[in-house]
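Asks: The sequence shown runs 880 to 1307 under the numbering used here. Ideal Cβ positions, reconstructed from N, Cα and C, are used throughout, including at glycine. Source: prediction; values computed, not measured.
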Amino acid sequence: MLVFTDGLGDLLKEVTDNPDRNALKMMLVVKEVRKVIFDKDDYTFNGSFPPECQSNCVPRAVLNLVSLLLNGTSIEDQDAKERQSCISIVQLICFDAKKKQHRKQNVESKQARTTRSREMPLPLYIGLKIHTPSRNKALIEQLYSLGLCINYKRVLQIENNLAHAVTQKYHSDGIVCSPNLRKGLYTVGAIDNVDYNPSSQTSKGSFHGTGISIFQTVTNLNQGESRGGIAFVEASGPIELPEKYSIVPAVACTVNALKVPERISTPGNSVQKEIDALKEEKEWLKDALELLKSEEFDQKAPLTWSAHHTSKERCSTEKRPGIGTLLPLFYEKATYISMIKHGIDMVRNITEYLNPGQVPVIACDQPLFALMKYVQWAWPNSYGEHKLVAMLGLHMEMSYWKIVGDLLDKSGWSVMMARMRWQQRGEL
């Protein structure tokens, strides 16, 4: 110990100096990273999330650093999931990063403090995504305190700005038509009643009204023409829809006095269509018989008529995912003829605006289908079958089976089947 006193002292000094030296190096790295974060241009939300908005808003140097921390020194062999996790972490770092706090700021505050200039796509998306289906303020505030999303007040502000922007586009276009709908595509409308009775004890009300949906078919050959986006601006005040849409005109119609018009149709050359339809039905029967003959039946096999034709459609490469949107709801109930007539007008105007020359096509369930036929019979010149196509009401099959059940009730059929041991009585 006496011989190596000087050497041991140097070793002890080096050991004690290493933590300080490492901390100094770490502070230099942190200082450089913070400089890169705050020198990056601020991300501005304009009402939508473009495909590359996440990777473009984060500093490249910070992204590489986080990638090294998560995946090691090899950053070239990352897959899409690993890269997305790195981008998400960097967005949260930039979102929660703060400059030097003021001395008078309350450091014991339980709420996180973020600035709008540091908002990233991920915290914005999480806040909007959670609030849209749940409307849960407590959940959003809890995630905000964890630094994962924007606060509840900011979510309401963005949604209000989006509503103002969309409404402004309605007024500029002269029609209530969602911005995601495209021109030049085959358009179909649907009308249905909306009945919302919340079962939660904390709910404050219910809603009973009418909803109108618009659907469009997209193919590889025809993907439609985009109508442009919305002008996202900071706005406040009431949101007012065009009166042509929001006001439902009253009508005078006596159902008992309606007269069913004669059907006027001209014979056409539909022989080839019938041959093709029979060919498709024979193909389904052939495939169904082959499936039934197999010893081991596959539960996912397209045995039924609908499953068979659906599988054929999925094999087609010409079709692409369609476009669907829900228009602003109405407080008026769908059981009113005035509401059905107004809904037909809205679908017809949207169809003419998006795809000029197309005959309006409207789908609805069986009760509303009956009301739609009343409208066609009461105003044949404007809403007759030569002016629009009302698709056969949904739930027809369910109504037919109810009628069959009424016919079989107390007919002795179920008792006879049970005695023959073909089926148990309760299963009929």
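On the three-state DSSP scale, how would you describe R1298?
Replies: Correct three-state label for R1298: helix.
Asks: Going straight from the alpha carbon of E961 to that of L948, what length do you get?
Replies: Those two C-alpha atoms are separated by around 12 Å.
Asks: Measure the alpha-carbon distance for R939 versus I968 and round it to whole angstroms.
Replies: Going by the C-alpha atoms only, they are around 13 Å apart.
Asks: Considering only the alpha carbon of each residue, which of S1085, W1163, S1051, S927 lies closest to L1003?
Replies: With distances taken between Cα atoms, L1003 lies closest to S927.
Asks: Pairs of beta-carbons, one from the region 1208-1219 and one from the region 1093-1108, closer than 8 Å: are there three or more?
Replies: No, the region 1208-1219 is not in contact with the region 1093-1108.
Asks: Start and end of the alpha helix (DSSP H) containing Y1075?
Replies: No alpha helix (DSSP H) contains Y1075, which is instead part of the beta strand (DSSP E) from 1065-1075.
Asks: Can you grab the Cα-Cα spacing for the pair Q1102 / Y1262, in whole Å?
Replies: About 30 Å.
Asks: Check for me: the alpha helix (DSSP H) holding G1006 runs from which residue to which?
Replies: Here the alpha helix (DSSP H) through G1006 covers 1000-1013.
Asks: Leaving out five residues on either side along the sequence, give the residues of the same chain with a beta carbon under 8 Å from the beta carbon of L1007.
Replies: Taken in chain order, the residues that qualify are V1034, I1037, E1038.
Asks: Under 8 Å by Cβ, that's how I've got S1105 and R1061 pegged, so tell me the actual separation to the nearest angstrom.
Replies: That pair is a contact at about 6 Å.
Asks: Along the chain, where does the alpha helix (DSSP H) containing A1042 start, and where does it finish?
Replies: Start and end: 1031-1052.
Asks: At the level of alpha carbons, what is the spacing between N1076 and L1247?
Replies: Approximately 21 Å between the Cα atoms of the pair.
Asks: So, under 8 Å CB-CB, C1056 and I1223 are touching, yes? Tell me the CB distance rounded to an integer number of Å.
Replies: So it is not a contact: roughly 16 Å between Cβ atoms.
Asks: Could you check which residue in H1050, V1150, T923, I1070 has the C-alpha nearest to that of P1220?
Replies: The amino acid occupying residue 1220 in the given sequence is Lys; Pro does not appear at that position. Of the candidates H1050, V1150, T923, I1070, the one whose C-alpha sits nearest the C-alpha of K1220 is I1070.
Asks: Who are the Cβ neighbours of L887 in its own chain at under 7 Å, not counting the five residues just before and after it?
Replies: Residue placement at L887 is flagged as unreliable, the pLDDT there being 48, under the threshold of 50; the coordinate-derived value follows with that caveat. Counting only Cβ-Cβ distances below 7 Å, and skipping sequence neighbours, we find nothing.
Asks: I'd like to know if the region 1158-1166 and the region 1254-1261 are in contact, where contact means that at least 3 CB-CB pairs between them fall below 8 Å.
Replies: The region 1158-1166 is not in contact with the region 1254-1261.
Asks: Just confirm the distance between the C-beta atoms of L1182 and L1170, as a whole number of angstroms; I'd bet it's less than 8 Å.
Replies: So it is a contact: roughly 5 Å between Cβ atoms.
Asks: Any idea if T1046 is buried or exposed, counting beta-carbon neighbours within 10 angstroms, 16 or more meaning buried?
Replies: Buried, since its Cβ has 16 or more Cβ neighbours within 10 Å.
Asks: Relative to the C-alpha of V941, which residue among W1184, D920, I966, S1217 is closest?
Replies: Nearest of W1184, D920, I966, S1217 to V941, Cα basis: I966.
Asks: Considering only their Cβ atoms, is the gap separating A1042 from I1118 smaller than 8 Å?
Replies: Yes.
Asks: Between I1109 and the rest of its own chain, which residues show a CB-CB distance below 7 Å, the 5 nearest in sequence each way excluded?
Replies: Hits under 7 Å: G926, A1044, V1045, K1048, P1058.
Asks: Whole angstroms is fine: what's the gap from E1141's alpha carbon to P1259's?
Replies: Cα to Cα, the separation comes out at about 11 Å.
Asks: By DSSP, does H1087 sit in helix, in strand, or in coil?
Replies: Strand at H1087.
Asks: Relative to the C-alpha of I1054, which candidate in V1283, I1282, V1226, R1298 has its C-alpha closest?
Replies: Nearest of V1283, I1282, V1226, R1298 to I1054, Cα basis: V1226.
Asks: Around the Cβ of S1278, are there at least 16 other Cβ atoms within 10 angstroms (buried) or fewer (exposed)?
Replies: Looking at its Cβ environment, which holds fewer than 16 other Cβ atoms inside 10 Å, S1278 is exposed.
Asks: Going by CA-CA distance only, name the one from T1089, L1250, N950, L1206 that's closest to N1135.
Replies: Looking at the Cα atoms, L1250 is the closest of the given residues.
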